[in-house]
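Its first residue numbered 144, the sequence shown is counted upward by one per residue in our numbering.
Report on the structure given below.
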Amino acid sequence: MDLFEYQGKEQLRKFEVPVPEGRVATTADEAAEAARGLGGRVVVKAQVQVGGRGKAGGIKLASSPDEAKDVAGQILGMDIKGHTVKRVLVERAGDIVSEYYVAFLLDRSERNYLGMMSAKGGVDIEEVAETDPDAIARVHIDPLLGISDFHARKLVFGAGIEPRARKGAIAMIPKLYNAFVGLDASLVEVNPLILTGDDRVVALDAKVTLDESAEYRHPTFAELKSAHEVPEQERLAKEKGLNFIKLDGDVGIIGNGAGLVMSTLDVVKAAGGEPANFLDVGGGAGAELLSNALEVITSDKGVKAVLVNIFGGITRCDLVAEGIIDAFDRLNMQVPVVVRLDGTNAEQGRKMLQEAPNERLIPAETMLGAAEKAVELAHGGGA
Ligand code: GDP
Ligand code: MN
């Protein structure tokens with residue numbers, strides 16, 4: 144789970160990492176109020192879980208409460224890379240002498256913690272890694288031994304952090320590490336870490352990714368999570384007891400069993416298509432579950448065709464057919480649905496589908512044939 148910047152900073156503050164003073168606002172008036180409380184110049188920052196907010200116009204300076212109200216009005220409701228801005232963080236504006244980068248993450252391939260630091264902060268770190276890899280200092284930290292001053296110095300000197308900022312950076316790095324470990328985070332990234340005019344080192348941005356498998360030992364996670372919206376489709380799927388995953392293509396996929404669903408994804412790709420999502424109805428799925436699954440899948444506006452791939456074992460194909468026919472009646476579905484049934488009562492199920500009056504319901508014999516048909520339909524051909 145990626146935290147919002149304001150949540151990340153709240154957590155860092157608990158570990159004594161210096162962050163600017165700030166308040167969250169959901170309306171322009173609240174933003175003005177926050178600016179008044181902070182006094183002086185403020186920065187108004189869009190709270191969305193994507194980077195590059197600055198470039199997208201989601202970060203603006205304001206020198207008075209009125210101005211803060213103005214810019215908050217512009218930023219709230221703005222769309223940043225598909226995320227609608229519902230909150231802004233109003234912070235006392237820092238005077239920035241330099242911008243650096245510092246992060247702790249899980250290095251899975253080394254089975255170790257990794258610290259990274261660069262004097263090239265405030266910019267896309269992936270780009271730095273590509274164009275100037277030597278500008279990033281790295282140090283592994285054994286989780287059992289923990290961090291020592293030596294690691295912090297190695298990062299700071301390795302990155303070529305300027306002398307004025309060294310003391311503050313060396314003091315901050317172990318605190319950041321403590322936050323990383325203490326929160327069971329898989330990433331704590333500060334970009335930029337800044338040096339201020341009065342030689343303080345402050346985290347100006349925070350990206351914190353929590354490991355949800357550790358939720359059981361962090362009662363606070365649930366509260367952090369409640370600020371995050373679950374997408375409508377996922378909510379619907381959960382409510383109906385279905386495992387649903389959203390992808391980016393245009394072919395919706397329903398299957399029973401993880402293995403069959405995975406191979407269905409592969410076959411759709413092999414047929415030149417892109418899966419829009421997939422939904423595993425599991426073993427023993429009945430008519431109602433199938434009908435609900437189609438409802439969830441087709442509520443995704445990106446879906447141009449659906450492929451249902453069922454291998455009947457405990458699951459009875461006649462019940463699957465019944466559920467699909469019911470979904471057509473109940474939901475007035477406009478997208479074509481290609482169905483491949485095999486196994487228990489497959490023949491009976493296929494017959495039911497063939498006899499159903501809806502021409503958007505297309506039975507198919509083989510898995511590859513079904514995938515090809517679904518891809519063709521998604522791309523606007525046939526049917
Ligand atoms: P991101 O673009 O989503 O990563 O957002 P950041 O929080 O990293 O901000 C992007 C840039 O906005 C920073 O690198 C700074 O240059 C600028 N910025 C952010 N906060 C302040 C601030 O308080 N004062 C000033 N002067 N600039 C800021
Ligand atoms: Mn940033």
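Glycine included, each C-beta is placed from N, C-alpha and C at the ideal position.
Nothing here was measured: the structure is a model prediction, and the numbers come from that model.
Within the continuous beta strand (DSSP E) that includes residue i, where are the two ends?
i: Val455; result: The question names Val, but residue 455 in the sequence shown is Gly. First-last of the beta strand (DSSP E) with Gly455: Ala448 to Gly455.
i: Gly180; result: That residue, Gly180, is in no beta strand (DSSP E); its alpha helix (DSSP H) goes Ala171 to Leu181.
i: Lys229; result: It is not in any beta strand (DSSP E) - Lys229 carries neither H nor E in the DSSP assignment.
i: Ala211; result: Where Ala211 is concerned, there is no enclosing beta strand (DSSP E), although the alpha helix (DSSP H) it sits in stretches over Pro208 to Ile218.
i: Ala189; result: Val185 to Ala189
i: Ala168; result: Gly165 to Ala168
i: Met259; result: Asn255 to Ser261
i: Ala205; result: Ile202 to Ala205
i: Phe387; result: Asn386 to Lys389
Using the Cβ count rule (16 or more neighbours within 10 Å means buried), how would you classify residue i?
i: Asp393; result: buried
i: Gln477; result: exposed
i: Ser356; result: exposed
i: Lys203; result: buried
i: Glu300; result: Looking at the sequence itself, residue 300 is Phe, so the reference to Glu does not match. Exposed, by the Cβ-count rule.
i: Leu367; result: buried
i: Ser252; result: exposed
i: Asp391; result: exposed
i: His283; result: exposed
i: His371; result: exposed
i: Val121; result: There is no way to answer for residue 121, as the model of the chain reaches only from 144 to 526.
i: Tyr359; result: exposed
i: Met510; result: buried
i: Ala526; result: Confidence at Ala526 is low in this model, with a pLDDT of 47, below 50, so its placement is unreliable and the value that follows should be read with caution. Exposed is the call here.
i: Ala401; result: exposed
i: Ser369; result: exposed
i: Asp292; result: exposed
i: Pro335; result: buried
i: Pro500; result: exposed
i: Met405; result: exposed
i: Ser206; result: exposed
i: Leu146; result: buried
i: Lys212; result: buried
i: Val331; result: buried
i: Gln150; result: buried
How is the alpha helix (DSSP H) around residue i delimited, first residue to last?
i: Leu298; result: Asp292 to Ala302
i: Lys381; result: Glu375 to Glu382
i: Tyr320; result: Pro306 to Gly325
i: Thr407; result: Ala401 to Ala413
i: Thr274; result: Ile268 to Thr274
i: Leu288; result: From DSSP, Leu288 is part of no alpha helix (DSSP H); its letter is neither H nor E.
i: Val435; result: Note that residue 435 corresponds to Asn in the displayed sequence, not to Val. Taken as a continuous stretch (DSSP letters only), the alpha helix (DSSP H) holding Asn435 covers Ala430 to Thr441.
Between which residues of its own chain and residue i is the CB-CB distance below 6 Å, once the five residues before and five after are set aside?
i: Met260; result: Val245, Ala280, Leu298 and Ala302
i: Gly216; result: Ala171
i: Val162; result: Lys152, Leu155, Arg156 and Ala346
i: Gly466; result: Ala430, Leu433 and Ser434
i: Val481; result: Leu450, Ile505, Ala507, Ala513, Lys516 and Ala517
i: Thr441; result: Met476 and Val478
i: Ala262; result: Tyr243, Ala302, Gly303 and Ile304
i: Thr407; result: Ile396, Gly398 and Asn452
Looking only at its own chain, which residues have a Cβ that is under 8 Å from the Cβ of residue i, when we skip the five neighbours before and after it?
i: Gly524; result: none
i: Val228; result: Ala189, Gln190, Val191, Gly201, Ile218, Leu219, Gly220, Met221 and Asp222
i: Gly416; result: Gly392, Asp393, Val394, Ala514, Ala517, Val518, Ala521 and His522
i: Pro286; result: Asn255, Tyr256 and Val324
i: Thr274; result: none
i: Glu375; result: Ser442
Kindly list the residues whose CB is nearer than 7 Å to the CB of residue i, restricted to its own chain and excluding five residues on each side of it in sequence; keep chain order.
i: Glu438; result: Ala470 and Leu474
i: Ile388; result: Asn420 and Phe421
i: Gln497; result: Pro506
i: Ala295; result: Ile313, Ile316 and Pro317
What residues match up with residue i in a beta bridge as DSSP calls it?
i: Ser483; result: According to the sequence as given, residue 483 is Arg; it is not Ser. Arg483 pairs with Asn452 and Ala507.
i: Pro418; result: Val394
i: Ile337; result: Glu242 and Val345
i: Arg281; result: Met259
i: Thr352; result: Asp145 and Leu330
i: Ile468; result: Per DSSP, none; premise fails for Ile468.
* To do: Count the C-beta pairs between the segment 334 to 347 and the segment 302 to 311 that are closer than 8 Å, then say yes if the count reaches three, no if not.
  => yes
* **Segment contact flag, the segment 477 to 497 with the segment 454 to 466, C-beta cutoff 8 Å, min 3 pairs** => yes
* Asked: Touching or not, the segment 158 to 176 and the segment 320 to 328, by the rule of three or more beta carbon pairs under 8 Å?
  -> yes
* Could you tell me whether the segment 438 to 452 touches the segment 513 to 522, using the rule of 3 or more Cβ pairs below 8 Å? => yes
* Could you tell me whether the segment 425 to 444 touches the segment 375 to 385, where touching means 3 or more Cβ pairs closer than 8 Å? => yes
* To do: Determine, using beta-carbon pairs with one atom in the segment 175 to 185 and one in the segment 351 to 365, whether at least three such pairs fall under 8 Å.
  => no
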